[in-house]
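What follows is a set of notes on a single structure, which appears directly below.
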Amino acid sequence: MLKTAFHASVAATALFVAGSALADVTVYTAGPEKLIADLAAGFTAETGTKVEFFQATTGNVMARIEAEAANPVVDVLISASWDTATDFAARGWLEPYTSPNAEMVPDFLKTDTAVAQGVAALAIAWNPNSGTPRPTEWADLAKPEFKDLVNLPDPAKSGSAFELVAALSAGGDMAMFDSLSANGAIVAGANADALNPVLQGAKAAVFGAVDYIALNGQAKGESIEVIFPESGTVIAPRPVMIMEWSQNQDEAKAFVDYMLSDAGQAIVAAQNLMPARTDVAADRALIADLKILPIDAAGVYGKRAETLEAFSKAFAQ
Amino acid sequence: MTVRSQSCLKPCPGGAENLHLRVTLSAYGGGIGTRGDPLSARTKSDKAICAKDLTLNYGTTQILRGIDVALPSGQTLALLGPSGCGKTTLLRLVAGLLAPTTGEIAIHGQLVAGPSVFVPPEKRQLGMVFQDYALWPHLTVAGNVAFPLEMAGVGRAEREARVTAALDRVGLAAMAARSPSALSGGQQQRVAIARAIVAEPRIVLFDEPLSNLDRELRETMVAELGALIRGLGLTAIYVTHDQSEALTLADQVAVMDSGQIAQLASPEHLVEQPASAKVAEFLRLGAVLRLSRDAKGWACAGHDLGPLGGPQSAAADVLITPRALRRIDVDAAALTGEVLAAQFRDTGYAVTVRLDGAAADARAGTAGTGQTVQISSDTRLRIGERVGLQILPDRLRWFPAP
Amino acid sequence: MARTVERVSPSVIIAAAGLALVVAVPFVFIILQAIFPELGRGSLAAPFSALAGALGDPALIGMTGNTLLLGVLVVGLSALIGVPLAVARALFKVPGAVVWDLMFLIPFMIPPYIAVLGWIMALQPRGYLEQLVGVNLASFLFSVPGIVVIMTLNSFPVVYFAVSRTLETVGSRYADVARVFGASPARAFWRVTLPLSTPGLAASLLLVFAMAIEEYGTPAALGARAGFDVLVTAIDLRVSDWPIDLPGAAILSLVLVALSFGAFLMQRWILSRRSYEATTGKPQGSPKRDLGLWKWPVLLAFGLVAFVATGLPLLAILAGALSKTISGGLVWSNLGFSNFAAILGDTTGALKALGTSLSLGVATALVTGLLGALSAYAVVKSKVRGRGVIDVLTILPNALPGIVVAVGLILAWNQPWLPVTPYNTALILLLAYCCILLPQPVRYATAAFHQIGDNLEAAARVSGASSLTAFRRILLPLIAPSLLAAMLLVFAVASRELVASVVVAPVGVSTISTYIWRQFEQGSVGLGMAMAFVTILITTALPLIVLSLMGRRGNLL
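Protein chains in written order, with this note's numbering: chain W, 118 to 434; chain F, 44 to 445; chain P, 1070 to 1626.
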C-alpha cells in the first residue's frame, strides 16, 4: 500500500510538473474567463506564442501579485479597475508601451503604461418580472415601489461600484444613499452576489450592476434589463499593463497589440463589453451613447477610506 | 557507578578499547548485529546475555538502578518480582524495545546497547512472547507465525514447512488458516510461542506469558514451556510475578525489587538461603518475624521463645517456614495462636495462624500484634481454634534487623 | 557514562519532515509576514510595524467576539443535533441505519459556498420555497441564528459520526454494570455511557469549533447582510481589497490560530482529567436494543434532519442546475438538461477542471493519508522528544483560513533563490490541500492507534521487522479502515476546495471550485450548480464504490 501510494504520487508529480511549464506570456486577469481564453487562443493561433493565464477577482489577482512581489511571475496584467493602472504606474511596476493598434483608443482610455482592453459601464439591472415600474433613473430606486427590492454591490469589493458611489456622492453628499438605505436597499457582496437575487426575483433591481454580466444573462434568456440612467453613469475601463519585470517584453507587447487588433476587439465585443477602440462595432450601447459622470480619479481615490466609511454608515442600521 | 560487579565485566565487550572499535564499526554501518560481525567472534563468550550497570530513568524517575546479570547459553533466567519492580523493563531493554540510560548489554558477546551503540530489536535475532499475546489480528495464525521467517528472507516453500512444524510443536497445526481472534486464550498464547520459536532464535524472551490464563491452564503450559525450552536448548529470560512458575522453569532466578536485583541465585539456593527478609517474603517462604533478644533468649511480641541460636545482636529478623514449626499442645507451648484460615492443598492444609500478641508490648506494636505464620496440617483445623507451636531452631533462617 | 542513543524511528523522521514541509513552512512564513510587513518584496524592513495597526483596530474585539460566538453556537447546536442521533444510532436498532449514515455523509460533500447559495436560492423572497409553498424565510436566513443553523447543518455530521462510533465501541457493557448496581437506564447513560464517549465527543466538538471559526463561505454570504463580521471575512477583505494588506491578514490569522489553539488546550485538559481507557480496548460487539415505542419518533427525527441537512440543499442545487434561466423559476418550460449538457460536452473546460480536481483529490488523499498515519504514529506510539510539536503541527491547519495558507505558500515557495519550486505547478495546490486537510487523517489515525496495543509493534520488531517494515506490515493494515475513511473524506473535500485554490492555482489550471466560482462570477449560476451537482455525485459515489468493493459498505466514518 505504501509502495502504491509512493508510485502514484511520483506519477502525479511528474504529470503536474510536466503539465505546467511556464508559458511564453503569463497573463493575470480580472476579466471574464471566456474573454481571456478566447484572446489567448486567438493570439496563439496567430503568433504561435503560448499564453497562460490566471483569472480571478481584481482583489485575488492583486493579493497574488503582492505575495509574489519578491519573485514576480506575471507579464501582462488586465485589471477590472483603472485605479490599478494608476497605482502600479506610481510604484514604477509598469513598462511604458504604446501599441500601434491603440490609435483609435480615445485618450482618456490610455496612458503611457496602460491601455484599456474594453470598457464596462454601470447600470440599473432591472427584472421586468418583478412587478415594479421600469426605472429610468438612479433616484427611481429610492421610490416606495422599490421598497426592500434593491441590491447594491459592495463598493469595498467592487472597484467600479466604488467609482459610482464616489461620482454620485460628489462633495461628500450621501443623500442618494441615505434615501436608498431608508428605502430598504441592501449592500450585497460583489457584483454577482448583487445580481443573482434580482434574477430570481428576490429583489427587483441592482443599483450599479456591471452591464456586461447582466447583458450576458439577458442573452441567455434571463429576465433582466440593463438601463443606463440619463443623468449619467460611470464606466469601468479595463486597463492592460505590461509589467516592467517581465522577461518576455516582446511577446507581451505582441499580446497587447493583438488585444487591440480588429480580431481582439471583436472578441471583447462578443463578451458584451464595449471595445476600447471607437472604430469597432458592438451589439450594445457604446461609450458614445452614454453620459459619463466626471471623476477626478486622484481626488476620489485619495478619499477612498472616507467615502467607504460614509457609505457604510449610510447603510448601517 | 563506583562499585562494579566483576562477575560479568570480562565477557562483556564494554571496555574502552572495545567501545572505540564499536563506534568505528557502527560508523561504517551494517556491522552491528550481522552474523559475520568479527567482534562477536573475537569476544566469543559462553554468556548468552550479559547486562552491566544498567540504569533507566524516565525524567527523574529511576526505573532500573544498576542491574548486573549474566546468563550462560542454554539456561533460563527468571525475573521475578512484584508489579513495578522493573522486571518487564529489563526484558524490554534486552529486546531492544527500550534503550538504557546508562550501562551495557551484550548478546552472545556482541554489544547491543551501550554508550553510542544501539542495535535495534530486529537485528538482535530474538524471539519474544508477550503477556497480551500481541498476535496481529489482520493476519491468520499461519501468517503470524510466518512473519519472522519472512523478515529473515526465508523462501516460501521452506517457510510453509517451518510454520507447520512450529504450529505442530504447539499442537495447533489444524488452526493455521484461522484468524487469531477465533482462538481461545491458551491457543492464542501457543500461537505466540510458535511465532517466537519459528525462526530458531538463540534467545527467547517471555514477558509474563501465562498471566492472562487461568490457573489450571497455566500449570499445563508451564510444563509445556519447560519441555519446549529444554527440547530446543533455548536460552530464555522469563518474566513473571508467580514464584512457582519462576522456580519451576528457571536455572537462575533474579528477584527484583524497586529497580534492583535483590538476589540472583538458583531456585534451590533461593529457597534455602534467601538473601533478605524481603526476598523471603516475596517468595512466600514463610513468615518473617522481628525478634528481640533479652536475658532468656529471643522474644517475639512478649512471648519468650528461648535460645534459638541466631546472631548476637539485640534484634533480628527470622524467617519461619512452615517446616520450621511443629504443632504441640496449647498449654505446653511458648508460642500460641489462633487459626485464621485453612486452605486445602494437594498435600494437606495450609493453615494461617495469628500469633497471640501482648498489646502491652509497645515495641512490638507493629511486629507482634496480628503477626501470622503458616503451618501445614494433615487435618482440617477450625477457624478460631487455638494452637500451640514449637519452633525448630535448625530450620530457621536469620537476617540482621535493618 | 554516556547515554545510549536509540535511533529515532524513520517513520517519525518522515512525519516530522513531511509536517515541516506541508504545515510548518507556510505557517512560519505567515508569522514572518506578520512581523515583517515588507516580506513579500523580499525585505525584512520595519519589523513589528504592522502589529499595532492590525491589533489596534477597534473592530477587532467585536470581530473576535463574533467569531467566538459563532464557534460556540455552532458547536452547541451541532452537539444538540448530533449527539441524540448518534446515541440512537449506536445503541439501538435504527431501521435503515446505513441509509441515514449516507444521508449525513452528503453534507460533507456539498461545498459550503454551494450549500449557502442553494439555501439563499431556496429561502429568499421568490426563492424556490416561496415558488412552491408561498412563504420565504429570508429574515431568518440573513441573521445570526440563520448563519448558525446553516453552518450547523454542514458540521453536525462530524459530531454524529464521532460520537456514534465511540459509543458503539463503548457499547452498553458499562451501562449494564451500572444498572446492576441500581441505576435507571437514563442515569446509567448519563453517568456512565456518555462520559465514556467524552474523547470522541470532545475531539469532534473541537473540530466543529475550528471549522466554524475558519469557514468563509457562509459568514461572507449571509453575515454581511446581518452586519455580522467575523475574523475570516476581515482577513479576506485584507487580501482582496486594494491596497492589499498581507501583514494585517497574517496578524488576524494568528488571532484565529490563538482561538483555535485555546480550544485545543481545553480539549486536552478535558481529556487529561480522567482515563477513558475503556474505549481503547478491543471493540466488542454488544447487541443493539430495540427502540420499541420510540421507533417512529426516532425515525421521524432522523428523517427530518436528513431532509433539512441533505435533501433541501441538494434539491436547491438540482433546481438551479436544471433551470435554463434563474429568472424563469420552477416551471416545466424552464427546466432542462442544457447546463449538464454544457458540462459533459465540455464546451466550457468543465471536464478538464474535473480531471484536475479529481487527480488532485486522489493525490491529496494519498499524501495526507500517509503523512497523517506517520504523524499520528509519532504522537501516539513513539516516545520521541518533541512529539508535542508534531501534535500541534497536525492540528494547526484546522485554525488556518485557506486563504492564509495560500498566501503563506506563495511567500514561502516563490522566493527567487529557490533552485526548484512547486510554485506555479499543480504541486502548489497539492501542498495547499495537504496542509488544509491533514488534520482529518491525523484525527482518524490517532484514534485508531490508541486502540492498538503497543506490543503488536514490539512483536514485529523482535520478529526481525525494521521500524518502517513494522509500520507498513503491521500498523498500517491495522489502522487502514479508519485511515481509508479519512482519506475518502479528504478526497471529497480536496476535490472542491475553493478559497486557497482561487489564490494559488497555477496559471492555466482550473479546478472544480474555481470553475464553479467563475460561473457564478460571470452570472452563469445554472452552469455552476450543474457542475456542483456532478461533483457531489462523483465525490459521494466514488468513496462508496471503493468501500463496497472492499466489502465495507456503510462504514465510511
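Note that CB positions come from ideal geometry on N, CA and C, so glycine has one too.
According to DSSP, is residue i part of a helix, a strand, or is it coil?
i, result
"ARG1358 (chain P)", "strand"
"ASN313 (chain W)", "helix"
"LYS227 (chain W)", "strand"
"ALA410 (chain F)", "Summary for ALA410 (chain F): the model assigns pLDDT 41, below 50, so the residue's position carries little reliability; its value from the coordinates is reported in the next sentence. In this structure, ALA410 (chain F) counts as helix in the three-state DSSP scheme."
"THR166 (chain W)", "coil"
"GLN433 (chain F)", "strand"
"ILE412 (chain W)", "coil"
"ARG438 (chain F)", "helix"
"TRP243 (chain W)", "strand"
"ALA70 (chain F)", "Caution applies to ALA70 (chain F), whose pLDDT of 34 falls short of 50 and renders its modelled position unreliable; the model cannot decide the point."
Along chain F, which residues have their Cβ under 7 angstroms away from the Cβ of residue i?
i, result
"ILE1543 (chain P)", "TRP179"
"PRO1546 (chain P)", "HIS181"
For the beta strand (DSSP E) containing residue i, list its first residue and its last residue.
i, result
"CYS93 (chain F)", "90-101"
"PRO356 (chain W)", "352-359"
"THR145 (chain F)", "145-150"
"GLY353 (chain F)", "From DSSP, GLY353 (chain F) is part of no beta strand (DSSP E); its letter is neither H nor E."
"TRP199 (chain W)", "Note, TRP199 (chain W): premise wrong, no beta strand (DSSP E); alpha helix (DSSP H) at 199-208."
What residue from the options has the CA that sits closest to residue i's CA?
i, options, result
"THR131 (chain F)", "P:ALA1155, P:ASN1524, P:VAL1218", "P:ASN1524"
"GLU254 (chain W)", "W:THR174, W:PHE263, W:ALA399", "W:PHE263"
"SER1570 (chain P)", "P:SER1536, P:CYS1504, P:VAL1511, P:VAL1326", "P:CYS1504"
"LEU154 (chain F)", "F:LYS95, F:PHE173, F:THR104, F:VAL394", "F:LYS95"
"THR1583 (chain P)", "P:ILE1183, P:ALA1089, P:SER1402", "P:ILE1183"
"ARG440 (chain F)", "F:LEU368, F:GLU428, F:VAL396", "F:LEU368"
"ALA1610 (chain P)", "P:LEU1088, P:ILE1581, P:VAL1576, P:PHE1560", "P:PHE1560"
"GLU243 (chain F)", "F:ASP360, F:ARG261, F:ASP300, F:VAL188", "F:VAL188"
"THR1580 (chain P)", "P:PHE1518, P:ARG1260, P:GLY1430", "P:GLY1430"
"VAL1299 (chain P)", "P:ARG1342, P:VAL1144, P:PRO1470, P:VAL1261", "P:PRO1470"
"VAL1578 (chain P)", "W:ALA162, W:GLY159, W:ALA173", "W:ALA173"
"LEU1137 (chain P)", "P:ALA1290, P:ILE1104, P:ALA1231, P:VAL1217", "P:VAL1217"
"VAL197 (chain F)", "P:SER1532, P:PHE1371, P:SER1551", "P:SER1532"
"ARG421 (chain W)", "W:LEU390, W:GLU280, W:VAL236", "W:GLU280"
"PRO1226 (chain P)", "P:TRP1169, P:PRO1194, P:VAL1185", "P:TRP1169"
Are the beta-carbon atoms belonging to residue i and residue j less than 8 angstroms from one another?
i, j, result
"VAL1228 (chain P)", "ALA1155 (chain P)", "yes"
"ILE1175 (chain P)", "LEU1383 (chain P)", "yes"
"ALA321 (chain W)", "THR249 (chain W)", "yes"
"ARG1389 (chain P)", "GLY1595 (chain P)", "The sequence given here places Gly at residue 1389 (chain P); Arg does not occur at that position. Against a cut-off of 8 angstroms, the Cβ pair of GLY1595 (chain P) and GLY1389 (chain P) comes out as a contact."
"VAL1204 (chain P)", "LEU1315 (chain P)", "no"
"GLY334 (chain W)", "ILE344 (chain W)", "no"
"ILE236 (chain F)", "VAL137 (chain F)", "no"
Shorter than 7 angstroms, the distance from the beta carbon of residue i to the closest heavy atom of the ligand FMN, or not?
i, result
"LEU1553 (chain P)", "In terms of ligand content, the structure shown is empty, and the ligand FMN therefore cannot be addressed."
For residue i, report the span of its alpha helix (DSSP H) as first-last.
i, result
"ARG1260 (chain P)", "First-last for ARG1260 (chain P): undefined, no H or E at that position."
"SER420 (chain F)", "Careful: SER420 (chain F) lies outside any alpha helix (DSSP H), inside the beta strand (DSSP E) at 415-420."
"LEU307 (chain F)", "LEU307 (chain F) -> not in any alpha helix (DSSP H); beta strand (DSSP E) instead, spanning 303-308."
"CYS1503 (chain P)", "1495-1506"
Please compile the residues from chain W whose C-beta is within a distance smaller than 8 angstroms of the C-beta of residue i.
i, result
"PRO1254 (chain P)", "Those within 8 angstroms of PRO1254 (chain P) in chain W number zero; the least Cβ separation is about 43 angstroms."
Give me the chain P residues within the contact set of residue i, using Cβ-Cβ distance strictly less than 7 angstroms, ordered along the chain.
i, result
"LEU140 (chain F)", "ALA1527, ARG1530"
"LEU169 (chain F)", "VAL1531"
"ASP175 (chain F)", "GLY1522, ASN1524"
What residues of chain P sit near residue i, judged by a beta carbon separation below 9 angstroms?
i, result
"LYS430 (chain W)", "Chain P residues near LYS430 (chain W): none, gap ~12 angstroms exceeds 9 angstroms."
"PHE249 (chain F)", "By Cβ distance, chain P contributes nothing, its closest Cβ being about 12 angstroms from PHE249 (chain F), past 9 angstroms."
"VAL190 (chain W)", "ASN1483, TYR1492, ASN1493, VAL1576"
"GLU165 (chain F)", "ALA1529, ARG1530, VAL1531, SER1532, GLY1533, ALA1534, SER1535, SER1536, THR1538, ALA1539"
By the criterion of Cβ-Cβ separation under 8 angstroms, what are the contact partners of residue i in chain P?
i, result
"ARG238 (chain F)", "ALA1528, SER1532"
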